[in-house]
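Quick notes on the structure that follows.
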Amino acid sequence: MDHVLRRALIEALKNRGCTHLDAERAAEYAGEFYQRAGGAWEVWCGQAAEDPDYYRVARHGGDASVYKSLLEERARDVASALNELERNDSDATGSR
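According to our numbering, the sequence shown is numbered sequentially starting from 19.
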């Protein structure tokens, strides 16, 4: 995840009610595993044997998660923000 996308994710999460620190942590974690690929980011619950109580953000259930949280709402915020940022980036560049 490049610096511009990371900063945009932090701002998008803050706009969704995250504290600055929580938004920074989410962006840092997401940045380690983020890859731009096809498909929407979704929230998956309890599908990882090692983290059955976590809500995970991934493109597909079996994919590595870019974010995980015990709070479904926070995971949905991250998925929504990533989808919005990618959609806006595609609209701006004309790519899909």
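Glycine included, each C-beta is placed from N, C-alpha and C at the ideal position.
With residue i as the anchor, note down where its beta strand (DSSP E) starts and where it stops.
i	result
Arg-74	73-76
Trp-62	60-63
Check each candidate in the options and name the one with the smallest Cα separation from residue i.
i	options	result
Val-96	Glu-46, Pro-70, His-21, Gly-56	Glu-46
Arg-54	Glu-91, Ser-98, His-21, Arg-77	Arg-77
May I ask you to report which of helix, strand or coil DSSP gives residue i?
i	result
Ser-87	strand
Thr-111	A caution first: Thr-111 carries a pLDDT of 43, below 50, which makes its placement in the model unreliable, though a value can still be read off. Thr-111 falls in the helix class under three-state DSSP.
Arg-94	helix
Ala-82	coil
Please say whether residue j and residue i have beta carbons closer to each other than 7 Å?
i	j	result
Met-19	Gly-49	yes
Ser-87	Tyr-73	yes
Leu-100	Trp-59	yes
Ala-26	Val-61	no
Tyr-85	Ala-44	yes
Gly-64	Pro-70	yes
Which residue marks the beginning of the alpha helix (DSSP H) containing residue i, and which one marks its end?
i	result
Gly-49	38-51
Tyr-54	At residue 54 the sequence reads Arg, which differs from the Tyr that was named. From DSSP, Arg-54 is part of no alpha helix (DSSP H); its letter is neither H nor E.
Arg-24	21-33
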